[in-house]
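Numbered by the working numbering, the letters in the sequence shown go through residues 175 to 548 in order.
Backbone N, C-alpha and C fix where the C-beta goes; we use that ideal spot for every residue, glycine too.
The structure appears below as C-alpha cells.
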Amino acid sequence: MHNEKIKALFKLISVLAFVYLFLVSIGLMGVAFKGFGKEFAENLIKTTSNPFVGLFIGILATSIVQSSSTTTSIVVGMVGSGVITVSNAIPIVMGANIGTTVTGILVSIGHIGRREEFKRAVSGGTLDGFFKMMCVAIIFPLELATGALSKIGAWMSSTFVNVGGVKFTSPIKTATKPIIHFIETLVMQLKASPGTTYILLLIISLILLFTALYYIVKLMRTMVAKRAEIVLNNVIGKHGMLTIIAATFFTAVIQSSSITIALMIPLIAAGILTLETMYPLVMGANIGTTVTAILASFATGNIAALTVAFVHFLFNMIGLLCIYPITILRKIPIFLSKKLGDLAYKKRRYALIYTLIVFFIIPALFIFIFEMLK
Numbered sequence: 175m176h177n178e179k180i181k182a183l184f185k186l187i188s189v190l191a192f193v194y195l196f197l198v199s200i201g202l203m204g205v206a207f208k209g210f211g212k213e214f215a216e217n218l219i220k221t222t223s224n225p226f227v228g229l230f231i232g233i234l235a236t237s238i239v240q241s242s243s244t245t246t247s248i249v250v251g252m253v254g255s256g257v258i259t260v261s262n263a264i265p266i267v268m269g270a271n272i273g274t275t276v277t278g279i280l281v282s283i284g285h286i287g288r289r290e291e292f293k294r295a296v297s298g299g300t301l302d303g304f305f306k307m308m309c310v311a312i313i314f315p316l317e318l319a320t321g322a323l324s325k326i327g328a329w330m331s332s333t334f335v336n337v338g339g340v341k342f343t344s345p346i347k348t349a350t351k352p353i354i355h356f357i358e359t360l361v362m363q364l365k366a367s368p369g370t371t372y373i374l375l376l377i378i379s380l381i382l383l384f385t386a387l388y389y390i391v392k393l394m395r396t397m398v399a400k401r402a403e404i405v406l407n408n409v410i411g412k413h414g415m416l417t418i419i420a421a422t423f424f425t426a427v428i429q430s431s432s433i434t435i436a437l438m439i440p441l442i443a444a445g446i447l448t449l450e451t452m453y454p455l456v457m458g459a460n461i462g463t464t465v466t467a468i469l470a471s472f473a474t475g476n477i478a479a480l481t482v483a484f485v486h487f488l489f490n491m492i493g494l495l496c497i498y499p500i501t502i503l504r505k506i507p508i509f510l511s512k513k514l515g516d517l518a519y520k521k522r523r524y525a526l527i528y529t530l531i532v533f534f535i536i537p538a539l540f541i542f543i544f545e546m547l548k
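Set out below in C-alpha cells:
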C-alpha cells in the first residue's frame with residue numbers, strides 16, 4: 175500500500191513536470207513564430223481596406239504568430255494611433271479568432287504516431303476552428319450589413335472610457351518565462367542569423383511539445399483514466415454553464431485560450447474527454463481570452479482601441495449565445511470535427527493538408543487576388 179502511494183505521487187509529480195514542459199514548448203513556439211512573424215503581421219495588417227482582405231489577413235497573420243492576442247494588440251495599437259479605422263479592424267479581429275485555432279491542430283499532430291489517438295486528437299484540435307468559422311459565417315455578413323458590432327462596441331467603450339487600467343500578469347507566463355528565456359539565450363549564443371535562430375527555437379519547441387504530449391497521455395492513462403472519465407463526462411458534461419464559467423475564469427488567469435484548449439487535447443486523444451464535454455470548455459476559453467485584453471485596454475483611455483477590445487469580446491459572446499444553446503447549430507462543429515478525425519484516421523496527411531489549405535493557402539491566395547484587383 176505504501177509503495178502504491180509513492181508510485182501514485184511520483185506519477186502525479188511526473189505529469190505536472192510534463193505539463194510544465196508542455197507549457198514551456200507552447201511559450202517557446204510563440205517566441206519562434208513572433209520572431210519571424212510579428213513584423214510580417216504588422217506589414218500585412220497595414221495593407222487592409224477591403225473587409226474580406228481584412229478577414230483573411232487576420233487568419234493568416236494570426237496563424238503565423240500563433241496568438242490572437244498578438245494580432246489584436248497590434249490592431250488595437252494601430253487603431254489607437256489612427257493607422258487603421260475601427261471598421262477596418264473588426265474583420266481582422268474576426269480573422270484572428272479563426273487563426274488562433276491553428277495551435278490546437280498543431281498540438282494534435284503530436285499524436286500522429288498512434289492512429290486511434292490521432293483521430294480523436296484531430297477532432298478535438300479542430301472543434302474550436304469549425305465553431306469560429308460558423309461564428310464568422312453568421313456575424314461577418316451581419317456586421318457588413320448593419321455595423322452592429324462596431325456600434326455596440328463604441329457604446330460599451332464610451333461607458334468604460336474613464337475606468338483606470340488594470341495591470342495583470344499571467345502566472346503561467348511568469349512560471350515558464352525563466353526556462354523559455356534560458357533556452358532562447360542558449361540558442362542566441364550560437365550567433366546564427368535571426369531566421370536560423372527562430373527556426374532552431376521552433377524545432378526545440380516541437381521536440382519538447384511531442385515529448386511532453388507523449389508522456390502526459392501515457393501517465394494520464396495509467397493514473398486517472400477511469401476516474402477522470404466519470405468526473406469529466408458526467409459532472410462537467412451535465413453542468414454546461416458552470417463549465418463555461420470555470421473555463422472563462424481559468425483562461426482569463428492564464429491569458430491564453432490556445433493553452434486551455436491545447437491542455438484538453440491529450441485528454442481527448444486518450445479517450446478521457448469527449449467532444450461533447452469539451453464543447454463548453456472551449457466556449458469558456460473563448461470568452462476568457464478576451465477578458466484580459468479588455469482590462470489592459472482600459473489603460474489606453476482611447477475610445478477606438480477600447481471599441482476593438484470590446485468587439486473581440488462581443489464576437490465570442492454572440493457566437494456562444496447564437497450557436498451553443500441551439501442544438502442543431504451546436505452539433506455542426508462536432509459533426510465536422512468528427513468527419514475530419516475520420517479522414518485523418520484513414521490518411522493522416524489529410525490533417526496536415528487541411529491545416530495548410532485553411533490557415534495559409536486560402537488566406538494568402540485571397541489577399542493576393544484582392545491586391546491584384548486593386
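Residues of the same chain with a CB within less than 8 Å of the CB of R522, apart from the 5 flanking positions on each side, are I286, R289 and F292 in chain order. Judged by beta-carbon spacing, T245 lies within the 8 Å limit of A235, meaning their Cβ atoms are closer than that value. In the displayed model, H285 falls within a helix according to three-state DSSP.
Closest in alpha carbon position to G445, among L376, L316, G298 and T274, is G298. When only Cα atoms are considered, V239 and K181 end up about 40 Å apart.
Counting every other CB atom within 10 Å of its CB across the protein chains shown gives G369 a total below 16, marking it as exposed. Annotation for S332: I477 place their beta carbon closer than 7 Å to its own, counting only its chain and skipping 5 residues before and after. With respect to the C-alpha of A420, the residue from P507, I378 and N460 having the closest C-alpha is N460. In this chain, the alpha helix (DSSP H) harbouring S324 covers A322 to F334.
A direct Cα-Cα distance of roughly 28 Å separates I283 from T359. Between P265 and F314, the C-beta spacing is below 8 Å.
Between S199 and L383, the C-beta gap is smaller than 8 Å, which places the two residues in contact.
In the structure shown, R504 adopts helical secondary structure according to DSSP, grouped into three states. The shortest CA-to-CA distance from K513 to any of G228, T300, V189 and I377 is the one to T300. Here S297 carries a helix assignment [DSSP, helix/strand/coil].
L455 is classed as buried because its beta carbon has at least 16 other beta carbons within 10 Å across all chains shown.
The segment 320-327 makes contact with the segment 478-488; the number of CB pairs closer than 8 Å reaches 3 or more.
The alpha-carbon of I272 is positioned some 48 Å away from that of N177. S223 and L186 have their C-alpha atoms spaced approximately 52 Å apart.
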